[in-house]
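Q: Chains as they are written, first to last, in numbering that gives the first Met the number 0: chain A, 0 to 245; chain B, 0 to 257. Yeah, the Cβ is synthetic: ideal placement off N, Cα and C, and Gly gets one too. No experiment lies behind these values; they were computed from the predicted model shown. My structure is below; once you've seen it, I'll send some questions.
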Amino acid sequence: MKFLFHIGRYFWMLGKVFARPEKHKMYVRQLFHEIDALGINSIGIVVIISIFIGGILTIQLAYNLVNPLYPKTLIGLGTRDTLILEFSSTIIGLILAGKIGSNITSEIGSMKVTEQIDSLEIMGVNSVGYLILPKIIAVVFMMPFLVILSIFFGLTGGLIVGPAVGVVTVPEYIEGIRFLFVPYYVTFTLIKSIFFGFLIASVPAYFGYFVQGGALEVGKASTRAVVNTNILILLFDLILTRLLLT
Amino acid sequence: MIEVRNIIKSFDGNTVLKDISAGFEPGRTNLIIGRSGSGKTVLLKCILGLYDPDSGFISYDGRDFTAMKNRERKRLRQEVGMVFQGGALFDSLTVEENVRFPLDMFTNMSFREKLKRVEFCLEHVNISKANHLYPSEISGGMQKRVAIARAIALNPKYLFCDEPNSGLDPETATLIDNLIHDLTTEFNMTTIINTHDMNSVIEIGESVLFIHKGEKCWEGSKHDILTAENRILNDFIFANKLYAQMKQTQKTSPDTPV
Ligand SMILES: Nc1ncnc2c1ncn2[C@@H]1O[C@H](COP(=O)(O)OP(=O)(O)O)[C@@H](O)[C@H]1O
Ligand SMILES: [Mg+2]
């Protein structure tokens, strides 16, 4: 019952998100601000995590290739495909759900409990549209870019760590990451990233917008927003993988 | 003039407003007073349409607000300025941007015209040299004044203030009260102020509506409130020792001015 209530209210909110803006210029201004605050500000964490994971993947794949008959090129290939298919969209999605999601819930939630949202409504501004639409567009727009960045730095991580610990040589690794490349995998991961971007912005916005109470509730709502966004990301990962990779 | 008739509002079976009727005249400060939890904020939010009353009638200068569609309400709200209990300034915007926000959103004024209007409003609330500070960088009293400046930016016909001086020291509180009063007379606005502060009542209570547990309990002005024969009202007023003493002195010398 509670579940259906939330689904219904979430779609009610989305209906208001896509209502006609009062003034396009104000929304565009907000959009640029959100691209910076939510997207550009996430580049650092994406780069760092991707480099580490790329390096770790390379070591693990080398460790698993115990049979000397397997060519070492499989290490680069395995790192590449794992990054593209799963890591760079899903894991980055989960991490950004934590970073961007909690940011969105706490920002909108504290605006709610301090009556800033009421204040917008009184002025005659569609608070849902004005606050949430620019965030959704910003994150959906930035996600594919962040995913590409993550793939690139993940591969770089492998390139640095693999040869450094001596499990693979630079030419073997480079050959591996160019071997049997399937461009559709990239399309697949970019499609996923758009769905994840939408979830990462809209679900935490929902939790923030409907907070009741004070600062304590805003904190609790942030936690719940991140948990629920993570579950939804994995659910959509399952569905999209089933639909697009068979 | 704003008129409300027979407003009833409940939340999950808990009736918060029980059949409230009242009129609020332009050009003077209309106070709604009562203990905290008595329903003042809910009443104000019903008048603004942030809550829909279960039944009752609300009109703005004869325009039936209860019958309006969302779009008409939105348009009417551009004639309304509101000062919230905590100020509700946008934390991510500077003082100047806060006051400019309604102008940015709803007018086609040039940037220079908007700045002029912002200056005009800030001057009216006695704020200078704070244009580029953020709300977190100014005092509570200043935040309230900026909130008032923002509320009057679009030259509203109606001004609503929810506990405008809560959390302020008595001196600043009186300043804010008088500021709202002066703006009301200057711009002939229909002003409604929620408060539980007896000082505000004595200062600017040109018309006073006393609500107790969601019911209208007494109506009058600052001139007759101290002598009113209403037990619940008296309990409210004279919970403050100072006013109890004032009442004593009034009894002994009836012509002491209030
Ligand atoms: N959104 C709400 N949901 C449920 N109850 C509410 C809500 N808003 C206010 N109330 C209840 O209404 C009563 C009056 O509250 P309020 O109008 O805020 O009082 P005050 O006179 O202090 O402004 C309180 O008992 C409060 O618990
Ligand atoms: Mg209140």
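1. Tell whether a beta-carbon distance below 8 Å holds between threonine 57 (chain A) and isoleucine 42 (chain A).
2. Alpha carbon to alpha carbon, how far is glutamate 185 (chain B) from isoleucine 107 (chain A)?
3. For histidine 195 (chain B), does the three-state DSSP call read helix, strand or coil?
4. Run the CB neighbour count on tyrosine 69 (chain A), radius 10 Å, all protein chains shown included, and call it buried at 16 or more, exposed below.
5. Kindly indicate which residue of B:Gln142, B:Ile151, B:Ser91 has the alpha-carbon position closest to the one of leucine 167 (chain B).
6. Output needed for phenylalanine 237 (chain B): all residues of its chain with C-beta closer than 6 Å, excluding positions within five of it in sequence on either side, in chain order.
7. Straight-line CA distance for leucine 295 (chain A) to valine 167 (chain A)?
8. Can you tell me where the beta strand (DSSP E) holding lysine 71 (chain A) begins and where it ends?
9. Using a Cβ cut-off of 8 Å, pull out every chain B residue sitting near glutamine 211 (chain A), in sequence order please.
10. Based on Cα-Cα distance, which residue from B:Asn29, B:Cys120, B:Ile32, B:Lys8 lies nearest to isoleucine 56 (chain B)?
11. What residue from A:Phe86, A:Asp35, A:Thr240, A:Asn40 has the CA that sits closest to isoleucine 55 (chain A)'s CA?
12. Grouping DSSP H, G and I as helix and E and B as strand, with all else coil, what is valine 169 (chain A)?
13. Do the segment 91 to 111 of chain B and the segment 21 to 29 of chain A meet, that is, are 3 or more Cβ pairs less than 8 Å apart?
14. Using a threshold of 8 Å, state whether the C-beta atoms of tyrosine 59 (chain B) and leucine 75 (chain B) are closer than that.
15. Below 8 Å on the Cβ atoms is my contact criterion, and I expect alanine 137 (chain A) with isoleucine 232 (chain A) to pass it. Report the Cβ-Cβ distance as a whole number of Å.
16. Taking the continuous beta strand (DSSP E) assigned at alanine 21 (chain B), which residues delimit it?
17. Mind checking which residues open and close the beta strand (DSSP E) that includes isoleucine 6 (chain B)?
18. Name, in chain order, the residues that DSSP records as bridge partners for glycine 86 (chain B).
19. What residue range is occupied by the uninterrupted alpha helix (DSSP H) comprising phenylalanine 194 (chain A)?
20. Express the C-alpha separation of valine 139 (chain A) and glycine 262 (chain A) in angstroms, rounding to a whole number.
21. Is glutamine 59 (chain A) close to chain B, meaning its C-beta is less than 8 Å from at least one C-beta of that chain?
22. Give the residues of chain A in contact with alanine 87 (chain B), contact being defined as C-beta atoms less than 8 Å apart.
23. Is it true that the CB of isoleucine 210 (chain B) sits closer than 8 Å to the CB of leucine 42 (chain B)?
24. Is the Cβ-Cβ distance between threonine 155 (chain A) and glycine 92 (chain A) less than 8 Å?
25. Tell me, please, whether the segment 156 to 165 of chain B touches the segment 186 to 201 of chain B by the rule of three or more beta-carbon pairs shorter than 8 Å.
26. Less than 8 Å separating the beta-carbons of threonine 78 (chain A) and leucine 60 (chain A)?
A: Looking at the coordinates:
1. No, the Cβ-Cβ distance between threonine 57 (chain A) and isoleucine 42 (chain A) is not below 8 Å.
2. Distance between the alpha carbons of glutamate 185 (chain B) and isoleucine 107 (chain A): 36 Å.
3. Coil at histidine 195 (chain B), not helix or strand.
4. Exposed is the call here.
5. Looking at the Cα atoms, B:Gln142 is the closest of the given residues.
6. Correct list, in chain order: Ala243.
7. Not covered by the structure: residue 295 (chain A). The range shown for chain A is 0 to 245.
8. In the DSSP assignment, lysine 71 (chain A) falls outside any beta strand (DSSP E) and carries neither an H nor an E.
9. Within 8 Å Cβ-Cβ: nothing; glutamine 211 (chain A) doesn't reach chain B, min ~11 Å.
10. For the sequence presented, residue 56 (chain B) should be read as phenylalanine rather than isoleucine. Closest option to phenylalanine 56 (chain B), Cα to Cα, is B:Lys8.
11. Measuring from the Cα of isoleucine 55 (chain A), the nearest candidate turns out to be A:Phe86.
12. Residue state for valine 169 (chain A) is assigned as helix, using DSSP reduced to three classes.
13. Yes, since at least three Cβ pairs between the segment 91 to 111 of chain B and the segment 21 to 29 of chain A fall closer than 8 Å, the two stretches touch.
14. Between tyrosine 59 (chain B) and leucine 75 (chain B), the gap from beta carbon to beta carbon is short of 8 Å.
15. Going by Cβ atoms, the distance from alanine 137 (chain A) to isoleucine 232 (chain A) rounds to 18 Å, so no, they are not a contact pair.
16. Looking at the DSSP string, the run of the beta strand (DSSP E) that includes alanine 21 (chain B) is 13 to 23.
17. Run containing isoleucine 6 (chain B): 1 to 10, per the beta strand (DSSP E) assignment.
18. Paired residues: B:Phe83.
19. Looking at the DSSP string, the run of the alpha helix (DSSP H) that includes phenylalanine 194 (chain A) is 182 to 208.
20. No answer is possible for residue 262 (chain A): the residues shown for chain A start at 0 and end at 245.
21. Not an interface residue.
22. For the C-beta of alanine 87 (chain B), the chain A residues within less than 8 Å are, from N- to C-terminus, Thr113, Glu114, Gln115, Asp117, Ser118.
23. Result yes, Cβ atoms of leucine 42 (chain B) and isoleucine 210 (chain B) sit closer than 8 Å.
24. Not closer than 8 Å, so no.
25. These segments touch.
26. A contact, by the Cβ cut-off of 8 Å.
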